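Working notes for the structure below.
Residue numbers (the working numbering): 6 to 296.
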């Protein structure tokens, strides 16, 4: 019992050492943009918590992919958490690239892909091309539903549909709402139904349901890094302390997956999830805030 008490006190002191001096500085307000999907909300909550500890007043604005990049280009938001580069968001960011600074890489290995529930036999459906097999066409749900209008997932999925001739095989690509999209996988897992799930990592559904990623020989979806981008003029106006701390933040795919799971499944407020994770990982946070 005493040992646990000392450990708790140690965690609290570590956080005080990290955060305490930051409150003393007066820093400019920040408008932070994030895409309105919950895994972006999870990372945004951590970045917001860090910036607030550094003394910034943070206003968060959300929108779909094209809307947020439009606001970033117009200077209506100061930063974006986060841009998937170089593939998923590359075309959206390219016109703005000279105006932006890549401030931090939150995680490597970000991937978009098509998957099937694990109960679909790999001997029958191993790749996207296998979806055209007559026996697969006869059994597979012909609706392929993705999320995020203008997202890399939908743009790439449309290219996959065309490249592999899936429309002529009877498949349709549709845009759905996130809760309906997630429910499709839950229902298919429970019922044994065959379906295709446009998916990505980090994504909390990967932690809830067994899925298998399909091979995609054309390589339309690449592997990305998730980057916090800041308008160059804004970045240069920030205190050196803010720039240093922000540049050190790394989370990793397992962390983001778990944060999103708590937000969606456990229904915890994003700010609470972010703060609780930071308190539970004082050594990581201390390294961000180290002098």
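Just so you know, even glycine gets a beta-carbon here, dropped at the ideal spot from N, CA and C.
Since the model is a prediction, treat every value here as computed from it, not as a measurement.
(message) On the DSSP letters alone, give me the boundaries of the beta strand (DSSP E) that residue 203 sits inside.
(response) The sequence position of residue 203 within the chain shown is 198, counting from 1. That run of the beta strand (DSSP E) goes 202-206.
(message) Please return the same chain residues whose Cβ sits closer than 6 Å to the Cβ of residue 137, not counting the five positions on each side in sequence.
(response) Position 132 of the chain shown, counted from the start, is the residue given in the question as residue 137. By the criterion of a C-beta distance shorter than 6 Å, residue 137 is surrounded in its chain by 174, once the five residues flanking it on both sides are discounted.
(request) Would you kindly check if the distance between the Cβ of residue 145 and the Cβ of residue 199 is under 8 Å? (result) In the chain shown, the residue the question calls residue 199 occupies position 194. In the chain shown, the residue the question calls residue 145 occupies position 140. Their beta carbons are under 8 Å apart, which means residue 199 touches residue 145 by this criterion.
(message) Report the CB separation of residue 155 from residue 71 in whole angstroms; it is logged as a contact under 8 Å.
(response) Locating residue 155 in the chain shown gives position 150, where the first residue counts as 1. Locating residue 71 in the chain shown gives position 66, where the first residue counts as 1. About 4 Å separates the two Cβ atoms, so the contact holds.
(request) Compute the beta-carbon to beta-carbon distance between residue 106 and residue 201, rounded to the nearest angstrom, for a pair I have assumed lies under 8 Å. (result) Stepping through the chain shown from its first residue, residue 106 is reached at position 101. Stepping through the chain shown from its first residue, residue 201 is reached at position 196. Their Cβ separation, rounded to whole angstroms, is 38 Å, which puts residue 106 and residue 201 out of contact at 8 Å.
(request) Have a look at residue 176 and residue 261 and give me their C-alpha separation to the nearest angstrom. (result) Within the chain shown, residue 176 is the residue found at index 171, counting from 1. Within the chain shown, residue 261 is the residue found at index 256, counting from 1. Rounded to the nearest angstrom, the two C-alpha atoms are 32 Å apart.
(message) How far does the alpha helix (DSSP H) with residue 166 in it extend, from its first residue to its last?
(response) The residue labelled residue 166 in the question sits at position 161 within the chain shown. Note, residue 166: alpha helix (DSSP H), 157-168.
(message) Check for me: the alpha helix (DSSP H) holding residue 93 runs from which residue to which?
(response) The sequence position of residue 93 within the chain shown is 88, counting from 1. Run containing residue 93: none; DSSP gives neither H nor E here.
(message) Do residue 133 and residue 119 count as a contact pair if the criterion is CB distance below 8 Å?
(response) As a first step, residue 119 is located in the chain shown; it is residue number 114 there, counting from the start. As a first step, residue 133 is located in the chain shown; it is residue number 128 there, counting from the start. Result yes, Cβ atoms of residue 119 and residue 133 sit closer than 8 Å.
(request) With distances taken Cα to Cα, identify the nearest neighbour of residue 293 among 44, 50, 56, 149. (result) Position 288 of the chain shown, counting from 1, holds the residue named residue 293. Nearest of 44, 50, 56, 149 to residue 293, Cα basis: 56.
(request) Inspect the CB distances between the segment 91-107 and the segment 214-222 and report whether three or more fall short of 8 Å. (result) no
(request) State the DSSP-derived secondary structure class of residue 140, mapped to helix, strand or coil. (result) Numbered from its first residue, the chain shown carries residue 140 at position 135. Reduced to three states, the DSSP call for residue 140 is helix.
(message) Whole angstroms are fine: how far does the CA of residue 209 sit from the CA of residue 3?
(response) The displayed coordinates of the chain run from 6 to 296. Any statement about residue 3 would go beyond what the structure contains.
(request) Could you say if the segment 109-118 and the segment 223-243 meet the contact criterion of at least three C-beta pairs nearer than 8 Å? (result) yes
(request) Mind reading off the beta-carbon distance from residue 324 to residue 82? Whole number of angstroms is fine, and I expect it under 8 Å. (result) The chain is shown only over 6 to 296; residue 324 falls outside these bounds and no answer can be derived.
(message) With DSSP as the reference, identify every bridge partner of residue 67, one or two as the case may be.
(response) Within the chain shown, residue 67 is the residue found at index 62, counting from 1. Paired residues: 39.
(request) Report yes if the C-beta distance between residue 265 and residue 66 is below 8 Å; otherwise report no. (result) Position 260 of the chain shown, counting from 1, holds the residue named residue 265. Position 61 of the chain shown, counting from 1, holds the residue named residue 66. Going by C-beta atoms, residue 265 is not nearer than 8 Å to residue 66.
(request) Work out the CA separation of residue 94 and residue 255 for me, nearest whole Å. (result) Taking the chain shown and counting its residues from 1, the one referred to as residue 255 is at position 250. Taking the chain shown and counting its residues from 1, the one referred to as residue 94 is at position 89. C-alpha separation (whole angstroms): 20 Å.
(request) Name the one or two DSSP bridge partners that residue 148 has. (result) Locating residue 148 in the chain shown gives position 143, counting from the first residue. Under the DSSP definition of a beta bridge, residue 148 partners with 177.
(message) Given this structure, state the Cα-to-Cα distance separating residue 131 from residue 75, to the nearest angstrom.
(response) As a working mapping, residue 131 is identified with position 126 in the chain shown. As a working mapping, residue 75 is identified with position 70 in the chain shown. Cα to Cα, residue 131 sits roughly 38 Å from residue 75.
(request) Could you give the DSSP three-state label for residue 263: helix, strand or coil? (result) As a working mapping, residue 263 is identified with position 258 in the chain shown. Looking at residue 263 - three-state DSSP - the assignment turns out to be helix.
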